[in-house]
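Q:
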Amino acid sequence: MEERHTTHPLEVKNYDTDRLRQEYLVENLFEFNKVKIVYNYGDRMIIGGVYPEKILNLEAVEVLKSEYFLERREMGVINIGGKGCIFVDGVEHTLDNMDGIYIGMGAKDIKFTSIQEDNLSKFYFISTLANAAYPTTKIRNKEVIGMELGNWESANERVLYKYIYPEGVKSCQLVMGITMLKDGSVWNSMPPHTHARRGEVYLYFNIPKDDIVIHFMGESTQTRNIVVKNEECVISPYWSIHSGVGTKNYAFIWAMAGENQLFSDANSIELTSLR
Numbered sequence: 029m030e031e032r033h034t035t036h037p038l039e040v041k042n043y044d045t046d047r048l049r050q051e052y053l054v055e056n057l058f059e060f061n062k063v064k065i066v067y068n069y070g071d072r073m074i075i076g077g078v079y080p081e082k083i084l085n086l087e088a089v090e091v092l093k094s095e096y097f098l099e100r101r102e103m104g105v106i107n108i109g110g111k112g113c114i115f116v117d118g119v120e121h122t123l124d125n126m127d128g129i130y131i132g133m134g135a136k137d138i139k140f141t142s143i144q145e146d147n148l149s150k151f152y153f154i155s156t157l158a159n160a161a162y163p164t165t166k167i168r169n170k171e172v173i174g175m176e177l178g179n180w181e182s183a184n185e186r187v188l189y190k191y192i193y194p195e196g197v198k199s200c201q202l203v204m205g206i207t208m209l210k211d212g213s214v215w216n217s218m219p220p221h222t223h224a225r226r227g228e229v230y231l232y233f234n235i236p237k238d239d240i241v242i243h244f245m246g247e248s249t250q251t252r253n254i255v256v257k258n259e260e261c262v263i264s265p266y267w268s269i270h271s272g273v274g275t276k277n278y279a280f281i282w283a284m285a286g287e288n289q290l291f292s293d294a295n296s297i298e299l300t301s302l303r
């Protein structure tokens, strides 16, 4: 397990490239036949990756001080690999590529496995604190209605899919979904914004082997960037913008947790104010 601590924006002004990556970039999230866990003290979000050939259990980690992983937590899972299964207290849920599942607080026994030996599953999960239990719910990608955003002229045509949110699959505080950029588009979340009441995590994926995404972060007048490769995460603190541009179109899973679940509370930033 890795731990990531909260940082103050005044400190980040002095970070070099290596320190930025150390604090905010999560690499090697999908390790063969392992459950990888990164505990982020910002909003107490846990980032996880499971790349199973055999059945793998989700065990409680020491930092939680709990009997089982979801004793005081909830989680969302999206499969970005081959078809696989998640067992929640003995109930089997089959997830195709891009399918997801919400697992409510109180679920004790969680297992992951792949179905196809030649195309293993890659389960990406985010777990957040919870004080209420909501039903475990499977989310089929083909049933999620996409929201068209952006335009061709700005190279940011994209489709946003909400998986876990107040008007859909309900949770205590987790909000989660996928954004996919269309061919020829490379910008996401530009003009940028911040969420003063929520932290956010981006998992970038579907990036070709020889391509990259440049993720922009920091205060609007003190911007910084991190070069991201396929299946790497960036942790975005509440005070930071979170935007990116790729050398080719790509996709990312976004997840938020904090004081509220409102999409409308984002603080928009004008492009002319960026530095």
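Taken in order, the sequence shown gives residues 29 to 303; the numbers are from the working numbering.
For every residue, glycine included, the Cβ atom is placed at its ideal position computed from N, Cα and C.
Because the structure is a prediction, the values reported are computed rather than measured.
Excluding the five sequence neighbours on either side, which residues of its own chain have a C-beta within less than 6 Å of the C-beta of T165, listed in chain order?
A: Within the sequence shown, numbered from 1, the residue matching residue 165 stands at position 137. Closer than 6 Å at the Cβ level, and outside the excluded window around T165, lie Y130 and V197.
Q: So what does G286 bridge to, in DSSP terms?
A: Here residue 286 corresponds to residue number 258 of the sequence shown, with the count starting at 1. Answer by DSSP bridge pairing, in chain order: R226.
Q: Consult DSSP for V91 and reduce its assignment to one of helix, strand or coil.
A: If you number the sequence shown from 1, residue 91 lands on position 63. Helix.
Q: Mind reading off the beta-carbon distance from Y191 to I106? Whole number of angstroms is fine, and I expect it under 8 Å.
A: Taking the sequence shown and counting its residues from 1, the one referred to as residue 191 is at position 163. Taking the sequence shown and counting its residues from 1, the one referred to as residue 106 is at position 78. With a Cβ gap of about 7 Å, Y191 and I106 count as contacting.
Q: Can you tell which of S142, D238, M29 and D137 has its C-alpha closest to the C-alpha of T122?
A: For this step, residue 122 is matched to residue 94 along the sequence shown. Of the listed residues, the one whose Cα sits closest to T122 is S142.
Q: To the nearest angstrom, how far is it from the Cα of A160 to the Cα of M133?
A: Stepping through the sequence shown from its first residue, residue 160 is reached at position 132. Stepping through the sequence shown from its first residue, residue 133 is reached at position 105. Taking the straight line from one Cα to the other gives about 7 Å.
Q: Since V203 contacts M284 with CB under 8 Å, what's their CB separation in whole angstroms?
A: As a first step, residue 203 must be located in the sequence shown, where it is residue number 175. As a first step, residue 284 must be located in the sequence shown, where it is residue number 256. Distance from V203 to M284 at the Cβ level is roughly 5 Å; contact confirmed, criterion being Cβ atoms closer than 8 Å.
Q: Name the DSSP beta bridge partners of A279, please?
A: The residue you call residue 279 lines up with position 251 of the sequence shown. Answer by DSSP bridge pairing, in chain order: M208 and F233.
Q: If you follow the beta strand (DSSP E) that Q311 is in, where does it begin and where does it stop?
A: The structure shown has nothing for residue 311, since the chain only spans 29 to 303.
Q: Are at least three pairs of beta-carbons, each pair with one atom in the region 83-103 and one in the region 47-55, less than 8 Å apart?
A: no
Q: For the beta strand (DSSP E) containing Y189, name the first residue and the last one.
A: The residue given as residue 189 occupies position 161 in the sequence shown. Element bounds for Y189: R186 to I192.
Q: State the DSSP-derived secondary structure class of Y130, mapped to helix, strand or coil.
A: For the purposes of this step, residue 130 is identified with residue 102 of the sequence shown, where counting begins at 1. Y130: strand per DSSP, three-state reduction.
Q: Can the beta-carbon of I297 be found closer than 8 Å to that of H221?
A: On the sequence shown, residue 297 is found 269 positions in, with the first residue counted as 1. On the sequence shown, residue 221 is found 193 positions in, with the first residue counted as 1. Cβ atoms of I297 and H221: closer than 8 Å.
Q: Decide if the region 269-280 is in contact with the region 231-250; the criterion is three or more beta carbon pairs, one per stretch, under 8 Å apart.
A: yes
Q: Fully enclosed by the region 48-82, which beta strand (DSSP E) runs are 3 residues long or longer?
A: 63-68 and 73-78
Q: Kindly indicate which three-state DSSP category E260 falls into: helix, strand or coil?
A: For the purposes of this step, residue 260 is identified with residue 232 of the sequence shown, where counting begins at 1. In this structure, E260 counts as strand in the three-state DSSP scheme.
Q: At what residues does the beta strand (DSSP E) containing E102 begin and finish?
A: What you label residue 102 is simply residue 74 of the sequence shown in a count that begins at 1. Segment R101 to N107, the beta strand (DSSP E) holding E102.
Q: When DSSP builds the beta bridges, which residues end up paired with N85?
A: Taking the first residue of the sequence shown as 1, we reach residue 85 at position 57. The beta-bridge partner set that DSSP reports for N85 consists of K139.
Q: Alpha carbons only, please: which of F151, N179 and L157 is nearest the one belonging to I281?
A: Start at 1 with the first residue of the sequence shown, and residue 281 comes out as number 253. Minimum Cα distance to I281 is reached at F151.
Q: For the region 76-91 against the region 286-300, do three or more pairs of beta-carbon atoms, one drawn from each stretch, fall closer than 8 Å, so that the two count as touching?
A: no
Q: Just the Cα atoms here: how many angstroms apart are K210 and A279?
A: Taking the sequence shown and counting its residues from 1, the one referred to as residue 210 is at position 182. Taking the sequence shown and counting its residues from 1, the one referred to as residue 279 is at position 251. Taking the straight line joining both Cα atoms gives about 9 Å.
Q: Taking the beta carbon of F60 as the centre, do at least 16 other beta carbons fall within 10 Å, making it buried, or is it exposed?
A: If you number the sequence shown from 1, residue 60 lands on position 32. F60 should be labelled exposed.
Q: Just to confirm my understanding: we take T35, look at its own chain, exclude 5 residues before and 5 after, and list those with CB closer than 8 Å. What are they?
A: Position 7 of the sequence shown, counting from 1, holds the residue named residue 35. Excluding sequence neighbours, T35 sits near E51 and P265.
Q: Look at the Cβ atom of G174, then the Cβ atom of S213, and state whether they are nearer than 8 Å.
A: Position 146 of the sequence shown holds residue 174. Position 185 of the sequence shown holds residue 213. No, these two residues do not count as a Cβ contact at 8 Å.
Q: What residue from F140, L231 and A294 has the CA that sits closest to K62's CA?
A: Residue mapping note: residue 62 aligns to position 34 of the sequence shown, counting from 1. The shortest Cα separation from K62 among F140, L231 and A294 belongs to F140.
Q: Whole angstroms is fine: what's the gap from I83's alpha carbon to L148's?
A: As a first step, residue 83 is located in the sequence shown; it is residue number 55 there, counting from the start. As a first step, residue 148 is located in the sequence shown; it is residue number 120 there, counting from the start. Cα to Cα, I83 sits roughly 12 Å from L148.
Q: Could you give the DSSP three-state label for F291: helix, strand or coil?
A: Looking up residue 291 in the sequence shown gives position 263. F291 falls in the helix class under three-state DSSP.
Q: Do I263 and V54 have their CB atoms nearer than 8 Å?
A: Stepping through the sequence shown from its first residue, residue 263 is reached at position 235. Stepping through the sequence shown from its first residue, residue 54 is reached at position 26. Cβ atoms of I263 and V54: closer than 8 Å.
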